[in-house]
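Accompanying notes for the structure given below.
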Amino acid sequence: MEAAEEKPTARNREERTDVLASGPTGVAGSDLERRAAARLVDELENKGRSARLQEVRIPASESATVALHAAIVIAASLIGLKWPGIGAAICLIAIFSFYSERGLGLRLIGRAIPGRRTTNVLSPPPGPAWEEVEVIFATGYDVPDSYPVGEWLARHFSGRLTTDRILFYGGMIGTFAALMMRVAGVEDTSLSVLQTLTAAIPLAIVAAQVDRQLAGTPVATQEDLAPARDVMAAAQQADNESEGDSGIAVCLFGSEYASAGGASTFFADSRLKLKPECALVNLVRGARSSTPELTGSEGDLMPTRMNPELAAGSPLKPKTVALREQTAATIARRRGLRATTVVGRGEAGVDVLLDASEGALPDEAGPN
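Everything in the sequence shown is counted per our numbering, starting at 5 for the first residue and increasing by one.
Structure representation (structure tokens):
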């Protein structure tokens with residue numbers, strides 16, 4: 005009888021290891037992303053954790069937001085040829101809205117574009133249990149959509165030159181300056197050339213976003229769920245060491261590559277109650293051969309200072325780096341939590357996650 009009972013148990017173990025192998029994830033708001041969320045819940049429950057899906061609404065896609073603001077600047081430049089004061093006012097509104105949305109995460113003009121839905125995977129489920137959470141392990145499980153221009157800029161300029169920066173400084177501020185010169189009565193050939201060049205930048209940005217859409221949906225692979233696996237492995241190890249009372253929560257956010265849309269909605273929920281000393285340790289996938297790193301700042305137009313000191317005691321001594329993308333850690337930091345992102349993978353990445361969680365405990369926490 006004992007031998008007969010062991011076979012189903014072994015089969016169950018095999019089924020559990022294949023939960024995430026039944027399919028890939030997808031881009032933000034896609035059907036594949038939602039299917040991946042359901043598999044992640046199953047995997048967390050297989051690891052002995054209670055988990056639940058959280059359906060949330062996120063803003064419109066990044067490409068739509070950028071293209072809308074670029075189109076407004078083009079319109080302002082054309083209007084400014086006849087009414088420079090009106091054109092300058094429209095351009096100034098676009099500048100303020102773009103900086104607010106892309107730099108601070110506050111939607112203004114972008115609200116005119118319909119949003120989408122995504123799914124967060126939360127363990128523990130939403131409720132009073134979150135009031136006892138000491139550390140949050142987080143990562144995204146969607147994949148980035150195709151962006152040929154953005155990828156080219158990243159390869160050649162190491163993140164120092166981005167679409168947002170080109171549009172904001174060259175297109176928006178440049179156009180505003182040219183229009184204000186017209187308001188002041190300056191009219192010459194050099195000004196016309198300047199305004200033409202500054203208007204060409206948002207036009208090129210719109211073309212880049214169209215190219216982004218024409219590039220199609222990227223092919224997702226099992227490797228795209230590697231950060232989620234690592235986060236769950238780190239949480240399970242912490243649970244085992246503390247006999248199930250680690251004080252660690254797991255957030256697998258949807259739409260992480262869409263300006264951390266899932267995390268933005270999660271932390272904006274007024275019903276969410278967290279300890280003031282709670283910390284978030286995020287994970288993004290690093291290069292296979294590189295050692296783990298920690299972010300000291302995140303964001304493009306308005307970088308947010310992170311808390312790399314959370315893992316100051318790690319034996320791996322991770323290097324501090326700047327990350328141009330906005331992640332769940334960026335959102336948590338803006339909400340007043342201590343947060344940083346581990347750029348790594350595999351066992352080394354898991355180790356740094358655990359080291360940061362130890363450094364985030366109240367009796368070891370460093371200053372904000």
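C-beta atoms are modelled at their ideal positions from N, C-alpha and C, and glycine is treated no differently.
Candidates the options: closest to residue i by CA position
i	options	result
residue 351	249, 255, 305, 241	241
residue 149	66, 162, 158, 106	66
residue 267	143, 165, 158	143
residue 106	94, 68, 139, 192	68
residue 309	327, 98, 83	327
residue 183	86, 61, 303, 270	86
residue 455	307, 222, 233	Look at the range of the chain in this structure, 5 to 372, and you will see that residue 455 is not part of it.
residue 60	100, 130, 222	130
7 angstroms CB neighbourhood of residue i in its chain, flanking five on each side removed
i	result
residue 154	167
residue 207	78
residue 146	29, 30, 31, 32, 37, 258, 259, 260, 261
residue 365	138
residue 230	289, 349
residue 111	63, 105
residue 136	251
Neighbour-count burial assignment, residue i, 16 or more Cβ in a 10 Å radius
i	result
residue 173	exposed
residue 133	exposed
residue 40	buried
residue 64	buried
residue 73	buried
residue 188	exposed
residue 47	buried
residue 102	buried
residue 14	Note that residue 14 scores a pLDDT of 44, beneath 50, so its modelled location is shaky; the value from the coordinates is reported in the next line. Classification for residue 14: exposed.
residue 299	buried
residue 194	exposed
Close beta carbons around residue i, own chain, < 6 angstroms, minus the five adjacent residues each side
i	result
residue 17	Unreliable positioning characterises residue 17 in this predicted model, as indicated by a pLDDT of 44, which lies under 50. A coordinate reading is not provided.
residue 186	88
residue 250	242, 243
residue 216	67, 151
Host alpha helix (DSSP H) of residue i (start-end)
i	result
residue 50	35–50
residue 95	88–103
residue 334	332–338
residue 318	Unbroken run through residue 318: none, as it is neither H nor E.
residue 69	66–84
Start and end residues, beta strand (DSSP E) containing residue i
i	result
residue 302	297–302
residue 58	56–62
residue 144	139–144
Neighbourhood of residue i by C-beta, 8 angstroms cutoff - its chain only, sequence neighbours within 5 removed
i	result
residue 358	238, 241, 242
residue 12	Interpretation of residue 12 is limited by its pLDDT of 41, a score under 50 that renders its predicted location unreliable; no figure is taken from the coordinates.
Counting beta carbon pairs with one atom in the region 77–87 and one in the region 291–310, are three or more of them shorter than 8 angstroms?
No, the region 291–310 is not in contact with the region 77–87.
Three-pair Cβ contact test at 8 angstroms for the region 118–126 versus the region 245–259
The region 118–126 vs the region 245–259: in contact.
Does the structure place the region 336–345 close enough to the region 269–284 that three or more beta carbon pairs sit under 8 angstroms?
Short answer: they touch.
Is it true that the region 197–205 meets the region 178–185, where meeting means three or more beta-carbon pairs spaced less than 8 angstroms apart?
Touching, per the Cβ criterion.
Closer than 8 angstroms is the cut-off here; do at least three beta carbon pairs connect the region 112–122 with the region 224–239?
Not touching, per the Cβ criterion.
Would you say the region 89–97 touches the region 315–324, given that touching needs at least three Cβ pairs under 8 angstroms?
Short answer: they don't touch.
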